[in-house]
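Student: Per this note's numbering: the sequence shown = residues 1297 to 1539.
Ideal placement from N, C-alpha and C gives every residue a C-beta, glycine not left out.
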Amino acid sequence: MTSAGYSPTDFPSTHRTWLVTQIADLQEGSDSIRTQAIASLRAHLLERYARPLSAYVQNSSIKRLGEPDEIAHDYLVRMLDDCSGLHNWPDSGRPLRRWLLTGMIFHARGIARDKGRLREFSSLDAVDSHIASEPSAEQAFERAWAREMLEAAFARAAGSMQRSGRDQQWEIFRRHVLDGQPYAPIAADLQINVQQCADATRAASQEVRSAIRAVLIDEGVAERNISSEADAILRSVLHGPTR
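1. Answer yes or no: do residue 1333 and residue 1325 have a C-beta to C-beta separation smaller than 8 Å?
2. Going straight from the alpha carbon of residue 1338 to that of residue 1473, what length do you get?
3. Tell me whether residue 1331 is buried or exposed, calling it buried when 16 or more other Cβ atoms sit within 10 Å of its Cβ.
4. From the DSSP output, in three-state form, read off residue 1488 for me.
5. Express the C-alpha separation of residue 1510 and residue 1379 in angstroms, rounding to a whole number.
6. Quick check: what's the CA-CA separation for residue 1440 versus residue 1350?
7. Does residue 1449 pass the burial test, meaning 16 or more other C-beta atoms within 10 Å, or should it be called exposed?
8. Tell me whether the beta-carbon of residue 1500 lies closer than 8 Å to the beta-carbon of residue 1490.
9. Just verifying my parser: in three-state terms, what is the DSSP assignment at residue 1528?
10. Confirm, please, whether the CB-CB distance from residue 1383 to residue 1329 is below 8 Å.
11. Taking the alpha-carbon positions, what's the residue 1371 to residue 1430 distance?
12. Between the C-alpha atoms of residue 1369 and residue 1399, what's the straight-line distance to the nearest angstrom?
13. If we ignore side chains and look at the alpha-carbon of each, how far apart do residue 1512 and residue 1453 end up?
14. Excluding sequence positions up to five away, which residues of its chain have a Cβ less than 8 Å from the Cβ of residue 1436?
15. Can you give the Cα-Cα distance for residue 1385 and residue 1396, rounded to whole angstroms?
16. Label residue 1455 either buried or exposed according to how many other C-beta atoms from any shown protein chain fall within 10 Å of its C-beta, with 16 as the threshold for buried.
17. Looking at residue 1505 and residue 1486, is the spacing between their C-beta atoms short of 8 Å?
18. Could you tell me if residue 1466 is buried or exposed, where buried requires 16 or more neighbouring beta carbons within 10 angstroms of its beta carbon?
19. Secondary structure at residue 1403, three-state DSSP: helix, strand or coil?
20. Could you tell me the alpha carbon to alpha carbon distance between residue 1478 and residue 1507, rounded to whole angstroms?
21. Quick one: is residue 1484 buried, meaning 16 or more other Cβ sit within 10 Å of its Cβ, or exposed?
22. Taking the alpha carbon of residue 1375 as the point to measure from, which residue in 1346, 1389, 1445, 1411 has its own alpha carbon closest?
23. Report yes if the CB atom of residue 1404 is closer than 8 Å to the CB atom of residue 1361, and no otherwise.
24. Taking the alpha-carbon positions, what's the residue 1381 to residue 1515 distance?
Here's what the structure looks like:
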């Protein structure tokens, strides 16, 4: 998962994502619409990014400035006070996670200045270089971010399958892939055969893949990188046990 080589033209031209719509409402909506957009964005970003940003701090030199959870949470709360820090993101050509990570490093620079320790963070003048200089922190951030995206995709896929009457397929997928159960006892419980279980898992896996793609598009991942990023996320979980 890499941040290099993004441009605004990488974003899907026919898909105005939920995030972009909320940000547009911040700038163009009435007072009531703006208030609702701020509340929605605050809940969304705190849920998805507090843990990944905390993981970055925990594994970086920034942790010398305070507790990782507090630094990450304080940054998000300040940035989400009116969400003005998001106004320029849709035209930046950068994935949302990289935009937020960059913002947090500048936030850490402010903490360092307040504590009289700015010299330790002089490299923050070149934020991308600073991130690259601490690969373990970046990897921790990416792993935590992938888990958040996967959880969001699972919720999306489960809801879709349940609404379309495919609850049993999702149950088989959950028990086999997520809980690690072999097909045989699942088949016995549901009074179907093992092949039907395998077919259900494949169907649910496709639903999850589609959900991951939708989540990544909404998070501003470059269109040309959607498939590779989705594959990387799926590899982290879709290795269920043998039958």
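Tutor: Put simply:
1. Position 37 of the sequence shown, counting from 1, holds the residue named residue 1333. Position 29 of the sequence shown, counting from 1, holds the residue named residue 1325. Yes, they are a contact pair.
2. Residue 1338 sits at position 42 when you count from the first residue of the sequence shown. Residue 1473 sits at position 177 when you count from the first residue of the sequence shown. For the pair residue 1338 and residue 1473, the Cα-to-Cα distance works out to about 32 Å.
3. Here the question's residue 1331 lines up with position 35 in the sequence shown. So residue 1331 ends up on the exposed side.
4. In the sequence shown, counting from the first residue as 1, residue 1488 sits at position 192. Of the three classes helix, strand and coil, the one that applies to residue 1488 here is coil, per DSSP.
5. By 1-based counting over the sequence shown, the position of residue 1379 is 83. By 1-based counting over the sequence shown, the position of residue 1510 is 214. Rounded to whole angstroms, residue 1379 to residue 1510 spans 23 Å at the Cα level.
6. Position 144 of the sequence shown, counted from the start, is the residue given in the question as residue 1440. Position 54 of the sequence shown, counted from the start, is the residue given in the question as residue 1350. Taken atom to atom, the span from the alpha-carbon of residue 1440 to that of residue 1350 is near 9 Å.
7. Stepping through the sequence shown from its first residue, residue 1449 is reached at position 153. Label assigned to residue 1449: buried.
8. Looking up residue 1500 in the sequence shown gives position 204. Looking up residue 1490 in the sequence shown gives position 194. Contact flag unset, no.
9. The count along the sequence shown starts at 1 and reaches residue 1528 at position 232. Three-state DSSP puts residue 1528 in a helix.
10. The residue given as residue 1329 occupies position 33 in the sequence shown. The residue given as residue 1383 occupies position 87 in the sequence shown. Result no, Cβ atoms of residue 1329 and residue 1383 do not sit closer than 8 Å.
11. One-based indexing of the sequence shown puts residue 1371 at position 75. One-based indexing of the sequence shown puts residue 1430 at position 134. Near 20 Å, if we compare the C-alpha coordinates of residue 1430 and residue 1371.
12. Numbered from 1 along the sequence shown, position 73 holds the residue referred to as residue 1369. Numbered from 1 along the sequence shown, position 103 holds the residue referred to as residue 1399. Cα to Cα, residue 1369 sits roughly 13 Å from residue 1399.
13. One-based indexing of the sequence shown puts residue 1512 at position 216. One-based indexing of the sequence shown puts residue 1453 at position 157. Their backbone Cα atoms lie some 14 Å apart in a straight line.
14. Indexing the sequence shown from 1 puts residue 1436 at position 140. Closer than 8 Å at the Cβ level, and outside the excluded window around residue 1436, lie 1351, 1352, 1354, 1355.
15. Locating residue 1385 in the sequence shown gives position 89, counting from the first residue. Locating residue 1396 in the sequence shown gives position 100, counting from the first residue. If I take the Cα positions, the gap works out to 9 Å.
16. As a working note, residue 1455 is residue 159 in the sequence shown. Result: exposed.
17. Indexing the sequence shown from 1 puts residue 1486 at position 190. Indexing the sequence shown from 1 puts residue 1505 at position 209. Contact flag unset, no.
18. Taking the sequence shown and counting its residues from 1, the one referred to as residue 1466 is at position 170. Buried.
19. For the purposes of this step, residue 1403 is taken as residue 107 along the sequence shown, with counting starting at 1. Helix at residue 1403.
20. The residue given as residue 1478 occupies position 182 in the sequence shown. The residue given as residue 1507 occupies position 211 in the sequence shown. Each residue's Cα considered, the two are about 25 Å apart.
21. Taking the sequence shown and counting its residues from 1, the one referred to as residue 1484 is at position 188. Counting Cβ neighbours within 10 Å, residue 1484 comes out exposed, since fewer than 16 surround it.
22. The count along the sequence shown starts at 1 and reaches residue 1375 at position 79. Closest option to residue 1375, Cα to Cα, is 1346.
23. In the sequence shown, the residue the question calls residue 1404 occupies position 108. In the sequence shown, the residue the question calls residue 1361 occupies position 65. A contact, by the Cβ cut-off of 8 Å.
24. The residue given as residue 1381 occupies position 85 in the sequence shown. The residue given as residue 1515 occupies position 219 in the sequence shown. Rounded to the nearest angstrom, the two C-alpha atoms are 16 Å apart.
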